[in-house]
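What follows is one structure encoded as structure tokens, with my remarks underneath.
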Amino acid sequence: MYVEFLGIPRERAGISELEVEAATLGQLLGTLAATCPALREFITADGLHPSIAANLNGDAFVRDPETRLAKGDRLLILSADAGG
Amino acid sequence: MPSGYHGSYLRIDVSSGRAERVPLSDTVLRHYIGGSGLGARLLLDEGGATADPLSPEAPLVFAFSPLVGSPLTTSAKFAVVARSPLTGRFNDSLASSGFALAGKRCGCDAIVIVGCVPTWSVLVVDDGEIRLEPAGDVLGDPCHVAEEKLRARLGADYRIASIGPAGERGVRYATISHDGRHAGRGGSGAVLGSKHVKAIAVRGTQRCDWAHPRKLTELSRDLSKRSFGPATAKYRELGTATNLLTFNRFGALPTRNFQSGTFEEAASLAPEQLSVAHARTRASCVACTIGCEHIYALPSTALTEGEPRRGVRLEYESMFALGSLCGVGDGDAVLRASRRCDELGIDTISAGGTIAFAMECVERGLLDEPWLTFGSGDAVLKAIDLIGRRDGVGRMLAEGSRRAAEVIGQGSIAFAPQVKGLEIPGYEPRALQTMALGFAVGARGADHNRSGAYEVDFSDKVDRRHATLDSVRHAIDTEDKAALMDSLILCKFLRGVFTDFHAEAADMLQAVTGWDVTADELRETARRIVASKRQVNLLAGWTPDEDTLPERFLDAPLPGDAAALLTRERLQELVAEYHRQRGW
């Protein structure tokens, strides 16, 4: 599956997307914390910092670390505050 | 009188050149706090709900707040409140910085201006004493030039709020500018211009005391510390313009007058790309620790002969409105267009919305201006200049998209991008349906600052493309929260740092005023403030059929996203439920 970064997560990760293997959102966040240390500020023991949001395939926003992920999914990680 | 207040407002009749202090009761202050809330109350008290917005009788309110002048970060803000010449409905627009501090030091909690000066003037408020000076030497000047000249003339300790040429010519979405920022939406600049007041200069020495200074200092330190954290990183590091790529990815970036939710050239407008080729600096409002302003300079190689080197403050709303909404992907063209709007004193959202509407009319053969085509940065710049001068087609476009649609006819009102006459900001309603409800019911029209419902759409609380009745309470919550922040006043970019906003706001207000205010009381206050805006609208002639969206957004999916469909019936249900929950 692919992770797409937008906003501050992209700025910190220094890349716009990344291919990873993960069965759950929690696993994926653990992998990200290991591979992109700059993102650790936004990854907590419970999942994502409230300032960051995750969205599956442009459809549903997800936060539960137990959220199942499938091969071919695209997880978008973005700044939660969409205001302008 | 509670601490944090002066207990009166300054009522200035510029026709006679006289001012009087009008007492404000403790009850009024506690019920409406300041900013938008106090402004709404004063607008009602001064008869502003029924007066023609451009008549001498129409009041224009500059409202400060108890927090102004305190050490609380982002609290140096003021609200400009009037009946809008664009919508005919309630309008409040906020701006920041030294004008709020200096205005409050004049010894008043608000300044209300009525009347009309026979000749163009500058209104000087010097520690509460007023005088009118000729404005001849600044008439026609861009906002920032007028401000510089007036400070040179009057003294560096004055703070100036000025209109640009657009306000002088009655463009219905003209702004009032201060220190490069604008009280932007709804045309308060045209209201000031109708009074023949080019600018207001304020300075003063009268400070308020704080009820619990030690506690206030502790709260201020804590808030400042949190304002440096991850909740504000987006604003600090990239600015609001980073929304472009995010919204584009979600199919929520209004493009070519809302004909699409994605723009193929979005990347070229995004700050991530712009900052590669353009020098970028950051700036803050006075008393702000976030520093959200990102100022871009055009590359020297791109400057034309005589073109100013001045940088351009860039926000998402300006980039979307003058960029994707007009189909323009040339970053330099959008920077120039944004700078020109700032100089003329024009709201970038309404300018972009009205120009994009006209472009679609040209595309459909409804308007004979063949140069005005989607994708042309030159056309956007030319249209802005014509609007600022009220010249040619600019005469019609200076009236906003709703009035332009009334002139053009032929069913064009169906795709005029407005609610209650106010052009829709950069959130595609079909893709963000809680926001669609927020737009439909907003007292000042389609607006992202008075309804923060997009926050809900970008969360796991709702399905953003399928609003249900459960969405309504979320829309109400964000509207109430915005009303409270706009009355305290605190910058909305702080909202992510609070764990319990109402409780923390109550602590702050208690430290400043000494009131034993609670979170529940503030929730009630927020509802009262929202209701007072509605009261203005009711008196101004509001009818239920205004709480809707243009035909374009109803019963047909957003092109390219079949799931983004909002039916008329669903919107009507949402609006009816909103009114029911409000008790209206």
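Protein chains in written order, with our numbering: chain X, 1 to 84; chain D, 85 to 668. Every residue, glycine too, gets a C-beta built ideally from N, C-alpha and C.
| message | Quick check: D/Ser205 and D/Val281, are their CB atoms within less than 8 Å of each other? | response | For the purposes of this step, residue 205 of chain D is taken as the residue at position 121 of the second sequence. For the purposes of this step, residue 281 of chain D is taken as the residue at position 197 of the second sequence. Going by C-beta atoms, D/Ser205 is nearer than 8 Å to D/Val281.
| task | Output the distance between the C-alpha atoms of X/Pro65 and X/Glu21, rounded to the nearest integer angstrom. | result | Counting from 1 along the first sequence, the entry for residue 65 of chain X is found at position 65. Counting from 1 along the first sequence, the entry for residue 21 of chain X is found at position 21. Those two C-alpha atoms are separated by around 15 Å.
| request: Please check if any C-beta of chain X sits within less than 8 Å of the C-beta of D/Asn327. | output: If you number the second sequence from 1, residue 327 of chain D lands on position 243. Taking Cβ atoms only, chain X reaches closer than 8 Å to D/Asn327, which makes this a yes.
| task | Quick one: give me the first and last residue of the beta strand (DSSP E) that D/Pro107 is part of. | result | Within the second sequence, numbered from 1, the residue matching residue 107 of chain D stands at position 23. Boundaries of the beta strand (DSSP E) harbouring D/Pro107: Arg102 to Pro107, taken from the DSSP string.
| request: Measuring only between beta-carbons, confirm whether X/Gly7 sits less than 8 Å from chain D. | output: As a working note, residue 7 of chain X is residue 7 in the first sequence. Answer yes: the Cβ-Cβ gap between X/Gly7 and chain D drops below 8 Å somewhere.
| request: Return no unless some Cβ of chain B is closer than 8 Å to the Cβ of D/Arg333. | output: Judged by its chain identifiers, the structure shown contains no chain B, and its protein chains are X and D.
| request: Provide the residue span of the alpha helix (DSSP H) that contains D/Lys233, from first to last. | output: Residue mapping note: residue 233 of chain D aligns to position 149 of the second sequence, counting from 1. Unbroken alpha helix (DSSP H) run through D/Lys233: Cys227 to Leu238.
| field | Beta-bridge partners of D/Gly323, as assigned by DSSP | value | Residue mapping note: residue 323 of chain D aligns to position 239 of the second sequence, counting from 1. Residue pairing of D/Gly323 in beta bridges, as defined by DSSP: absent, with no partner found.
| For D/Asn332, which three-state DSSP category applies? | The residue given as residue 332 of chain D occupies position 248 in the second sequence. Of the three classes helix, strand and coil, the one that applies to D/Asn332 here is helix, per DSSP.
| query | Using the C-alpha atoms, what's the distance from D/Val477 back to D/Asp241? | reply | The residue labelled residue 241 of chain D in the question sits at position 157 within the second sequence. The residue labelled residue 477 of chain D in the question sits at position 393 within the second sequence. The alpha-carbon separation between D/Asp241 and D/Val477 amounts to approximately 41 Å.
| field | Below-8 Å beta-carbon distance, X/Glu11 vs any chain D residue | value | The count along the first sequence starts at 1 and reaches residue 11 of chain X at position 11. Using a Cβ-Cβ cut-off of 8 Å, X/Glu11 counts as an interface residue toward chain D, since at least one Cβ of chain D sits closer than that to its own.
| query | Run through DSSP, which three-state label would D/Gly91 get? | reply | If you number the second sequence from 1, residue 91 of chain D lands on position 7. Residue state, collapsed to three classes: coil.
| message | Using CA atoms only, rank isn't needed, just tell me which of D/Ala245, D/Arg557 and D/Ser99 is closest to D/Gly199. | response | Residue mapping note: residue 199 of chain D aligns to position 115 of the second sequence, counting from 1. That would be D/Ser99, whose Cα lies nearest to the Cα of D/Gly199.
| field | Cβ pair D/Phe162, D/Ala135 closer than 8 Å | value | Within the second sequence, numbered from 1, the residue matching residue 162 of chain D stands at position 78. Within the second sequence, numbered from 1, the residue matching residue 135 of chain D stands at position 51. If you check the CB distance, D/Phe162 and D/Ala135 do not come in under 8 Å.
| task | For X/Ala45, return the contacting residues in chain D, with the cut-off set at a CB-CB distance below 7 Å. | result | As a first step, residue 45 of chain X must be located in the first sequence, where it is residue number 45. Within 7 Å Cβ-Cβ: nothing; X/Ala45 doesn't reach chain D, min ~15 Å.
| message | Between which residues of its own chain and D/Ala336 is the CB-CB distance below 7 Å, once the five residues before and five after are set aside? | response | Here residue 336 of chain D corresponds to residue number 252 of the second sequence, with the count starting at 1. Cβ within range, chain order: Gly345, Tyr511, Glu512, Ala515 and Leu516.
| message | On a Cα-Cα basis, can you pick out the residue from D/Ala363, D/Ile374, D/Ser402 and D/Gly264 that is closest to D/Thr385? | response | If you number the second sequence from 1, residue 385 of chain D lands on position 301. Selected option, being the one with the closest Cα: D/Ala363.
| Using DSSP with H/G/I as helix, E/B as strand and the rest coil, what is X/Gly14? | The residue given as residue 14 of chain X occupies position 14 in the first sequence. When secondary structure is reduced to three states using DSSP, X/Gly14 falls in the coil class, being assigned neither helix nor strand.
| task | Check each candidate in D/Gly172, D/Leu170, D/Cys190 and D/Val165 and name the one with the smallest Cα separation from D/Leu178. | result | Here residue 178 of chain D refers to the residue found at position 94 when the second sequence is read from its first residue. The shortest C-alpha separation from D/Leu178 is found at D/Val165.
| What are the start and end residues of each continuous alpha helix (DSSP H) run of 4 or more residues lying completely inside the region 473-507 of chain D, in chain order? | Within the region 473-507 of chain D, the complete alpha helix (DSSP H) runs of at least 4 residues are 478-481 and 485-492.
| said: Restricting to Cα atoms, I'd like to know which of D/Glu539, D/Arg448, D/Ser168 and D/Ala405 is closest to X/Ile52. | reply: For the purposes of this step, residue 52 of chain X is identified with residue 52 of the first sequence, where counting begins at 1. Minimum Cα distance to X/Ile52 is reached at D/Glu539.
| said: Report the CB separation of D/Asn332 from X/Ala82 in whole angstroms; it is logged as a contact under 8 Å. | reply: Taking the second sequence and counting its residues from 1, the one referred to as residue 332 of chain D is at position 248. Taking the first sequence and counting its residues from 1, the one referred to as residue 82 of chain X is at position 82. Contact doesn't hold; Cβ gap of about 12 Å is too wide.
| So, are the CB atoms of D/Pro169 and D/Gly271 less than 8 Å apart? | Residue mapping note: residue 169 of chain D aligns to position 85 of the second sequence, counting from 1. Residue mapping note: residue 271 of chain D aligns to position 187 of the second sequence, counting from 1. In this structure, the beta-carbon distance from D/Pro169 to D/Gly271 falls below 8 Å.
| Measuring CA to CA, which of D/Glu657, D/Val620, D/Ala595 and D/Ala603 is closest to D/Thr301? | The count along the second sequence starts at 1 and reaches residue 301 of chain D at position 217. Per the Cα distances, D/Ala595.
| request: Compute the Euclidean distance between the alpha carbons of X/Leu25 and X/Arg68, then round it to the nearest angstrom. | output: Walking along the first sequence from the start, residue 25 of chain X turns up at place 25. Walking along the first sequence from the start, residue 68 of chain X turns up at place 68. Their Cα atoms are separated by approximately 7 Å.
| message | If you follow the beta strand (DSSP E) that D/Ser261 is in, where does it begin and where does it stop? | response | Counted from its first residue, the second sequence places residue 261 of chain D at position 177. Note, D/Ser261: beta strand (DSSP E), Ile260 to His262.
| query | Straight-line CA distance for D/Leu650 to D/Glu661? | reply | On the second sequence, residue 650 of chain D is found 566 positions in, with the first residue counted as 1. On the second sequence, residue 661 of chain D is found 577 positions in, with the first residue counted as 1. Going from the Cα of D/Leu650 to the Cα of D/Glu661 covers about 16 Å.
| request: Would you check if the distance between the CB atom of D/Gly182 and the CB atom of D/Ala147 is smaller than 8 Å? | output: In the second sequence, counting from the first residue as 1, residue 182 of chain D sits at position 98. In the second sequence, counting from the first residue as 1, residue 147 of chain D sits at position 63. No, the pair does not count as a contact, with Cβ atoms beyond the cut-off.
| When the Cα atoms are used, what is the spatial distance from D/Ala381 to D/Lys318? | Within the second sequence, residue 381 of chain D is the residue found at index 297, counting from 1. Within the second sequence, residue 318 of chain D is the residue found at index 234, counting from 1. Roughly 20 Å separates the two Cα atoms.
| task | In the DSSP assignment, find the beta strand (DSSP E) that holds D/Leu568 and state where it starts and stops. | result | For the purposes of this step, residue 568 of chain D is taken as residue 484 along the second sequence, with counting starting at 1. Segment Asp554 to Leu572 is the alpha helix (DSSP H) holding D/Leu568; no beta strand (DSSP E) there.
| Per-residue burial, D/Gly388 [other beta carbons within 10 Å of its own, 16 or more giving buried] | Position 304 of the second sequence holds residue 388 of chain D. With the sequence shown as reference, residue 388 of chain D is identified as Thr, and Gly is not the correct amino acid for it. Taking all protein chains shown into account, D/Thr388 has fewer than 16 neighbouring C-beta atoms within 10 Å of its C-beta and is therefore exposed.
| request: Determine, using beta carbons only, whether D/Tyr257 comes closer than 8 Å to chain X. | output: Translated into the one-based positions of the second sequence, residue 257 of chain D becomes position 173. Against chain X, the CB of D/Tyr257 has no partner CB under 8 Å away; the residue lies outside that interface.
| field | alpha helix (DSSP H) segment containing D/Ala589, residue limits | value | The count along the second sequence starts at 1 and reaches residue 589 of chain D at position 505. Its alpha helix (DSSP H) spans residues Phe585 to Thr597.
| query | Of all the CB atoms in chain X, is at least one closer than 8 Å to the CB of D/His532? | reply | Stepping through the second sequence from its first residue, residue 532 of chain D is reached at position 448. Contacts with chain X at 8 Å (Cβ-Cβ) include D/His532.
| query | Is the Cβ of D/Ser308 closer than 8 Å to any Cβ of chain X? | reply | In the second sequence, the residue the question calls residue 308 of chain D occupies position 224. No, D/Ser308 lies away from the interface with chain X (no Cβ there is under 8 Å from its Cβ).
| request: Determine contact between the region 125-141 of chain D and the region 226-245 of chain D, defined as no fewer than three beta-carbon pairs at a distance below 8 Å. | output: Because the criterion of three Cβ pairs below 8 Å is not met, the region 125-141 of chain D and the region 226-245 of chain D do not touch.
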